[in-house]
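Colleague: If you want the numbering used here, it's the 1-based position in the sequence shown plus 414.
Built from N, CA and C at the ideal position, the CB exists for glycine as well.
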Amino acid sequence: MKHTCYCLTLLCLVFSATLHALPWQRKVIRYERNQYGAGWQNWMIAPAPQGRVCFANAGGLLVWDGAGWELCPVRQGLTVYSVRSVADRIYIGCRNEFGFFAPDPQGVLTYHSLSLNAARWGGIVWNILELGSEICFVSDGHIHLYDPRADRLRAVPVAAKVNCSAVLGQHLYLGTDQGVWWLNDREQVVPWERDTLPADRKVISLFEVGEQQYVVTAKSGLYVADQQGLRPFPVSCEDFVRDNQMFCAASSGSLVALGSVQEGVLLIDVDDPGRCERFALEQGLGNNTVLGLSFDASGNLWLGLDKGIGYIDLQASLRPLFPVVSPISTGYCSAFYRGEWYLGTNQGVYCWRQGEFRLIKGSGGQTWSLRGIGDELFACGDNGILVITPSGSYRVHSAGVWDIAPLKADRNRLIVSAYSSFYILARKGDRWQFSHRTESYYGSTHGSVEADESYSFWIVRSAGEIHRVTFDLRFDTLLNRRIYPFDPGTFGQNTRLCRLENDLIACARTGIYRYVKVNDSWERFPQLEEKLLGARYYEYMDVDAEQNIWFMAGQELYLLRRQQEGYAPRPVKIGLSDELAANQVSVTLADPQMAVIAVDNGFARIDPGQLAPDRESAPVYIRKVVSIDTDSLLCQGVPDSAPIWPYSMNSVRIGFASPDPSSSRVYYSYRLRGMDEQWSPPSLHTSKDYTHLPEGSYVFEVKRSDAGDGAEIAAFPFVVRPPWFRTLWARLLYAAFILVGLYLFYRRAISGRQRIIEQKQVEIRRQKELHLAESRVKDQAIVALQNENLRAELRHKTQELTGYMLNVKRKNEILEGVRQQVLALADDLQQADQAGLRDKIRRLCREIDKNRVDDRDFEVFYSRFDFIHRAFFALLGERYPALTRNEKMLCAYLKMNLTTKEIASLLNLSFRSVEVNRYRLRKKMNLDKGVNLNEFLQQLDAQAGGSGLSEEEIAVLFPSPEIQPDELREGDLSEDPTQ
415 MKHTCYCLTL
425 LCLVFSATLH
435 ALPWQRKVIR
445 YERNQYGAGW
455 QNWMIAPAPQ
465 GRVCFANAGG
475 LLVWDGAGWE
485 LCPVRQGLTV
495 YSVRSVADRI
505 YIGCRNEFGF
515 FAPDPQGVLT
525 YHSLSLNAAR
535 WGGIVWNILE
545 LGSEICFVSD
555 GHIHLYDPRA
565 DRLRAVPVAA
575 KVNCSAVLGQ
585 HLYLGTDQGV
595 WWLNDREQVV
605 PWERDTLPAD
615 RKVISLFEVG
625 EQQYVVTAKS
635 GLYVADQQGL
645 RPFPVSCEDF
655 VRDNQMFCAA
665 SSGSLVALGS
675 VQEGVLLIDV
685 DDPGRCERFA
695 LEQGLGNNTV
705 LGLSFDASGN
715 LWLGLDKGIG
725 YIDLQASLRP
735 LFPVVSPIST
745 GYCSAFYRGE
755 WYLGTNQGVY
765 CWRQGEFRLI
775 KGSGGQTWSL
785 RGIGDELFAC
795 GDNGILVITP
805 SGSYRVHSAG
815 VWDIAPLKAD
825 RNRLIVSAYS
835 SFYILARKGD
845 RWQFSHRTES
855 YYGSTHGSVE
865 ADESYSFWIV
875 RSAGEIHRVT
885 FDLRFDTLLN
895 RRIYPFDPGT
905 FGQNTRLCRL
915 ENDLIACART
925 GIYRYVKVND
935 SWERFPQLEE
945 KLLGARYYEY
955 MDVDAEQNIW
965 FMAGQELYLL
975 RRQQEGYAPR
985 PVKIGLSDEL
995 AANQVSVTLA
1005 DPQMAVIAVD
1015 NGFARIDPGQ
1025 LAPDRESAPV
1035 YIRKVVSIDT
1045 DSLLCQGVPD
1055 SAPIWPYSMN
1065 SVRIGFASPD
1075 PSSSRVYYSY
1085 RLRGMDEQWS
1095 PPSLHTSKDY
1105 THLPEGSYVF
1115 EVKRSDAGDG
1125 AEIAAFPFVV
1135 RPPWFRTLWA
1145 RLLYAAFILV
1155 GLYLFYRRAI
1165 SGRQRIIEQK
1175 QVEIRRQKEL
1185 HLAESRVKDQ
1195 AIVALQNENL
1205 RAELRHKTQE
1215 LTGYMLNVKR
1225 KNEILEGVRQ
1235 QVLALADDLQ
1245 QADQAGLRDK
1255 IRRLCREIDK
1265 NRVDDRDFEV
1275 FYSRFDFIHR
1285 AFFALLGERY
1295 PALTRNEKML
1305 CAYLKMNLTT
1315 KEIASLLNLS
1325 FRSVEVNRYR
1335 LRKKMNLDKG
1345 VNLNEFLQQL
1355 DAQAGGSGLS
1365 EEEIAVLFPS
1375 PEIQPDELRE
1385 GDLSEDPTQ
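(1) Put Y833 into one of helix, strand or coil per three-state DSSP.
(2) Using alpha carbons as the reference points, say which of Q969, I988, Q961 and A967 lies closest to R975.
(3) Quick check on the burial criterion: 16 or more other C-beta atoms within 10 angstroms. Buried or exposed for E677?
(4) Quick check on I1127: does DSSP put it in helix, strand or coil?
(5) To the nearest angstrom, how far is it from the Cα of Y1333 to the Cα of R1326?
(6) Mind checking which residues open and close the alpha helix (DSSP H) that includes K1309?
(7) For C747, collect the residues of the same chain with a Cβ closer than 7 Å to its Cβ; drop the 5 residues on either side in sequence, then sort them by chain order.
(8) Compute the distance between the beta-carbons of F469 and I829, then report whether it is under 8 Å.
(9) Label H811 either buried or exposed according to how many other C-beta atoms from any shown protein chain fall within 10 Å of its C-beta, with 16 as the threshold for buried.
(10) Answer yes or no: do G373 and D901 have a C-beta to C-beta separation smaller than 8 Å?
(11) Please report the straight-line C-alpha distance between R440 and K987, rounded to a whole angstrom.
(12) How many angstroms separate the CA atom of D1021 from the CA atom of S731?
(13) Report buried or exposed for M955, applying the criterion of at least 16 other Cβ atoms within 10 angstroms of its Cβ.
(14) What are the complete beta strand (DSSP E) segments, minimum 3 residues, inside the stretch 1304-1343?
(15) So, using beta-carbon positions, are G869 and F885 closer together than 8 Å?
(16) Below 6 Å CB to CB, which residues in the same chain sit around V1370 once its five sequence neighbours on both sides are set aside?
(17) Please report the straight-line C-alpha distance between Y560 and A460, rounded to a whole angstrom.
(18) Is T438 helix, strand or coil by DSSP?
(19) State whether the stretch 545-555 contacts the stretch 577-591, with contact taken as three or more CB pairs (one from each stretch) at a distance under 8 Å.
(20) Please classify N471: does DSSP put it in a helix, a strand, or coil?
(21) Grab the span of the alpha helix (DSSP H) containing D1043 for me, first residue to last.
(22) Under 8 Å between the Cβ atoms of R882 and T904?
(23) Can you give me the C-alpha to C-alpha distance between N405 and L620, rounded to a whole angstrom?
(24) Pick helix, strand or coil for F709, following the three-state DSSP scheme.
(25) Can you look up P985 in the DSSP assignment and give me helix, strand or coil?
(26) What does the Cβ neighbour count give for E1183, buried or exposed, with the cut at 16 atoms within 10 Å?
(27) In chain order, what are the residue ranges of uninterrupted beta strand (DSSP E) at least 3 long that sit wholly in the stretch 954-1016?
(28) Do S859 and I873 have their C-beta atoms within less than 8 Å of each other?
(29) Leaving out five residues on either side along the sequence, give the residues of the same chain with a beta carbon under 8 Å from the beta carbon of I1042.
(30) Report yes or no: do the stretch 825-841 and the stretch 853-867 share at least 3 C-beta pairs separated by less than 8 Å?
(31) Under the rule that 16 or more other beta-carbon atoms within 10 Å means buried, what is T1100, buried or exposed?
(32) Just to check, is the beta-carbon of A639 closer than 7 Å to a non-hydrogen atom of the ligand MN?
(33) Is the distance from the Cβ of F1125 to the Cβ of V1113 below 8 Å?
(34) Have a look at L1312, N1311 and G1291 and flag the residue whose alpha-carbon is nearest the alpha-carbon of K1302.
(35) For Q627, name the three-state secondary structure that DSSP assigns.
(36) Which same chain residues, not among the five before or five after P1136, have their C-beta less than 7 Å away from its C-beta?
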């Protein structure tokens, strides 16, 4: 038992010594000139707020902000030698020039010269320091003290050439060609009383650790100050200090970095002088001449080189095996076997022995896995299996092999996961030999795992299936195959199964699945997803001997550590993006404090115990905002007040960064409050474009997605003005236009209505006129009809009157005949035929009685004539009441324009009697001789207000009988007919 413990202890010591025998390097990052786009030389380095870093470059002020580089020239051809960031200003020093860069209202760094106010000075400003509230510009022979509050500059001359300077405690110390001097309270530069250095020692740097002052010389190393003066400070790397010329130095805590001109950087610990690290070209630096050094806030080291810039990640627990180019090519797997490291690459298997790498004979070609089984190491690859034993190695010839594993039920056989099926190796004597292939199952068996039941295996197929196959004892026959289908493309090409405690795990593109034996099915495993990074695609997952979970997501490697009380609250990001071999991740846990990871440039070592899950990540800040449309800078950084942009600049590109050079990939999540409230998926982009933003107030927020829920959020508020046609004034103008339009519309509507009313009125008047015209036409028609009726009635009356007159005429003729007969009787009386005479007289009396004019005939004539001539007789009776009936009849006949002959016939008078009657009538009417009786009677009714019938109407109604030419008419006799 004691012998066993002794052997284990000895083995652990040998194992531990062997682990540290490999030359694990610090992570070194190189920035070449074509990357930062400035001059070759970089002198002083100064950290700036928000994680930025400022470099005094040969081309001007060079600023790294985590996502890019920005060069701010002072004047063309002017080299910046010193730089210091204080608050929001960056002070710089050049040859015969010094001043500061300050952000303008848009955040753009603008240079302001201070040396214009300084007189009688010259040289290079080698250092810029803070001394209380003042800024010290230290040049070759002057100290310029600038008070930013009072904007006042004053100069203090130095009577020696200044090589370096530093603020130690509350005073300014200078390393000159005459020793170490300091600036006292009276602003006098005097020698330092503790300076006991020989005169030939050139001081290139001064610093202090705690309350202890140190002096760095160019060729004599370090000195530490005590009460007696300066004494040499011993370090283990005396040869480096002795053989190289020191040019610069920097300190952080107890770490001191010495920059040389010939051999890069020496890192020492003044609390542990035996601890030294050297960084030069062999360790990945781009140049061995170091001009400037500076530790950042994380304790990592920046280097300003004669050609380029360097960065050494001193805090990272990850250390690569090769700093620049791997001599053994890409790493794929590793194993620690019998106190030595074996590394599987695409060139074969290498063994690290006695400080150098040696290719194992017969192992050439791609190696996929290294598996230690018992006292033997199996290397599987394209050329089959190489068995490495303590006595040597031999090859088992077979086709391409992924991996090999022992069988639970048979120690003398091994199962081989090959490219196309399973193979069986059997032990014969002290060697393993190919036995046979499982003919009943074909297809790649990469990532197979033996099930709980013997001779049963789980296999993931890239077609979207998981198979569980069971063989017989000889592996000749496939007894059972159970297929668990998934959607096509669910699994990656090289998805492998792994065991986590009692669960069998498979990583799919939609999340993590586990096998549930009770249901004989594969189900989602949300409990494990919550412990990791949620439901997403995990390209790789494995569980080491300590039950730590190594997994890959988004091309980044993570570790979820197993602790005594369970798993850690959240995983730790290791990184290695773009460095892991595609579809082939290998993590070998050598012991709880060391793991070896295969990477593209060989291998890297990581100490899981040094990984800090709660390590504070670099803050995120807003770099600049650019207008997409005009490609112009809107602002740089976050201004004091939210910027207000016109609507024409509503398409912006917001740049952001998290200055963390140790992280090869930084994922960001962002959102634009005012437009969306959900955080975006993690992305590597360091800018976000927003196009055609509507007017409004916005707040852009961004955070590092790998920092968890407590990530610091960088916010950038801004306002997009509405377009001119949607401004308040435009709306007021629109309102005015609308009111004016409404008013005009109202006026137009009113005028239109008035016009319509007027048109209606005109139309009504026109309609009225038409109606009146129609009424007139109708009235005229009615009048015409009435006239027609009157004419008809008049015709009827006239016919009656004519008939009456004809009847009178006929009676007159009859009377004339009677008269003739009476005359004949008279003659007969002479003949005395009395009897016959008596009869004739009786007949004559009867005839007279028969034709006697009745008064009714006169009444008929009277009424008819009075109707036709509108009360003519009444008018005669009114004006001339003395007229007899016969005289009235004579007036009527005269008005009817009858001739004297016709009148005589009608009145049964003689022609002479009619003339006498006319004369008498004129007398009764008192007519003058010049007045025509006929015309007077024609106009009599008109003078009385009646219209009477026209002569044409009377002519129509009373056609005159034929008038003989020799007949006399009224007016022929102008004298009294009685004469």
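Modeller: Reading from the atomic positions:
(1) Numbered from its first residue, the sequence shown carries residue 833 at position 419. The answer is coil: DSSP assigns Y833 none of H, G, I, E or B.
(2) Within the sequence shown, the letter at position 561 stands for residue 975. Relative to R975, the option among Q969, I988, Q961 and A967 whose CA is nearest is Q961.
(3) Along the sequence shown, one-based indexing puts residue 677 at 263. Under this definition E677 is a buried residue.
(4) Indexing the sequence shown from 1 puts residue 1127 at position 713. Coil, per DSSP.
(5) Translated into positions along the sequence shown, residue 1333 becomes position 919. Translated into positions along the sequence shown, residue 1326 becomes position 912. Answer to the nearest angstrom: the Cα atoms are 11 Å apart.
(6) Stepping through the sequence shown from its first residue, residue 1309 is reached at position 895. K1309 -> alpha helix (DSSP H) spans R1299 to K1309.
(7) Taking the first residue of the sequence shown as 1, we reach residue 747 at position 333. Only G758, T781, W782, S783, L784, S1000 and A1012 meet the Cβ criterion.
(8) Counting from one through the sequence shown, the residue named residue 469 turns up at place 55. Counting from one through the sequence shown, the residue named residue 829 turns up at place 415. The answer is no: Cβ separation not under 8 Å.
(9) Along the sequence shown, one-based indexing puts residue 811 at 397. H811 counts as exposed, since fewer than 16 other C-beta atoms from the protein chains shown sit within 10 angstroms of its C-beta.
(10) This structure cannot speak to residue 373, because the chain is shown only from 415 to 1393.
(11) Within the sequence shown, the letter at position 26 stands for residue 440. Within the sequence shown, the letter at position 573 stands for residue 987. R440 and K987 have their C-alpha atoms some 18 Å from each other.
(12) The sequence position of residue 1021 within the sequence shown is 607, counting from 1. The sequence position of residue 731 within the sequence shown is 317, counting from 1. For D1021 and S731, the distance between alpha carbons rounds to 6 Å.
(13) Here residue 955 corresponds to residue number 541 of the sequence shown, with the count starting at 1. Around the Cβ of M955, a 10 Å sphere holds 16 or more other Cβ atoms; the residue is buried.
(14) The beta strand (DSSP E) runs of length 3 or more contained entirely in the stretch 1304-1343 do not exist; there are none.
(15) As a first step, residue 869 must be located in the sequence shown, where it is residue number 455. As a first step, residue 885 must be located in the sequence shown, where it is residue number 471. Correcting the residue type first, residue 869 is Tyr in the shown sequence and not Gly. A Cβ-Cβ contact shorter than 8 Å links Y869 with F885.
(16) Taking the first residue of the sequence shown as position 1, residue 1370 is located at position 956. Any answer about V1370 is weak, because its pLDDT of 44 lies below 50 and its placement is not dependable; what the coordinates show is given next. Closer than 6 Å at Cβ, skipping near neighbours: no residue.
(17) Working through the sequence shown from its first residue, we reach residue 560 at position 146. Working through the sequence shown from its first residue, we reach residue 460 at position 46. Across the structure, Y560 and A460 are spaced so that their CA atoms are roughly 19 Å apart.
(18) Taking the sequence shown and counting its residues from 1, one reaches residue 438 at position 24. The residue you asked about is not Thr; residue 438 is Trp in the sequence shown. Three-state DSSP puts W438 in coil, outside helix and strand.
(19) By the Cβ rule, the stretch 545-555 counts as touching the stretch 577-591, because three or more pairs are nearer than 8 Å.
(20) As a first step, residue 471 is located in the sequence shown; it is residue number 57 there, counting from the start. N471: strand per DSSP, three-state reduction.
(21) As a position in the sequence shown, residue 1043 is number 629, starting the count at 1. Where D1043 is concerned, there is no enclosing alpha helix (DSSP H), given that its DSSP letter is neither H nor E.
(22) Sequence index remark: in the sequence shown, residue 882 carries index 468 (1-based). Sequence index remark: in the sequence shown, residue 904 carries index 490 (1-based). Contact: no.
(23) Past the edges of the chain, shown from 415 to 1393, lies residue 405, and the structure says nothing about it.
(24) Counting from 1 along the sequence shown, the entry for residue 709 is found at position 295. Strand.
(25) Here residue 985 refers to the residue found at position 571 of the sequence shown. When secondary structure is reduced to three states using DSSP, P985 falls in the coil class, being assigned neither helix nor strand.
(26) If you number the sequence shown from 1, residue 1183 lands on position 769. That one is exposed.
(27) If we require 3 residues or more, the beta strand (DSSP E) runs fully inside the stretch 954-1016 come out as 954-957, 963-967, 970-974, 986-989, 1001-1005 and 1008-1013.
(28) Counted from its first residue, the sequence shown places residue 859 at position 445. Counted from its first residue, the sequence shown places residue 873 at position 459. It should be pointed out that residue 859 corresponds to Thr in this sequence rather than to Ser. A contact, by the Cβ cut-off of 8 Å.
(29) Looking up residue 1042 in the sequence shown gives position 628. Excluding residues within five positions, the ones whose Cβ falls inside 8 Å are S1065, V1066, R1067, D1103 and T1105.
(30) Segments in contact, yes.
(31) In the sequence shown, residue 1100 corresponds to position 686, counting from 1. By the 10 Å Cβ count, T1100 comes out buried.
(32) The model on display carries no ligand, and the ligand MN is accordingly not part of it.
(33) Position 711 of the sequence shown, counted from the start, is the residue given in the question as residue 1125. Position 699 of the sequence shown, counted from the start, is the residue given in the question as residue 1113. The sequence shown places Ala at residue 1125, rather than the Phe named in the question. For A1125 and V1113, no; Cβs fall outside 8 Å.
(34) In the sequence shown, residue 1302 corresponds to position 888, counting from 1. The closest CA to that of K1302, considering only L1312, N1311 and G1291, is found on G1291.
(35) Reading the sequence shown from its first residue, position 213 is the one you call residue 627. In the three-state scheme derived from DSSP, where H, G and I count as helix and E and B as strand, Q627 is classed as strand.
(36) Locating residue 1136 in the sequence shown gives position 722, where the first residue counts as 1. Around P1136: Y1061 and E1109.
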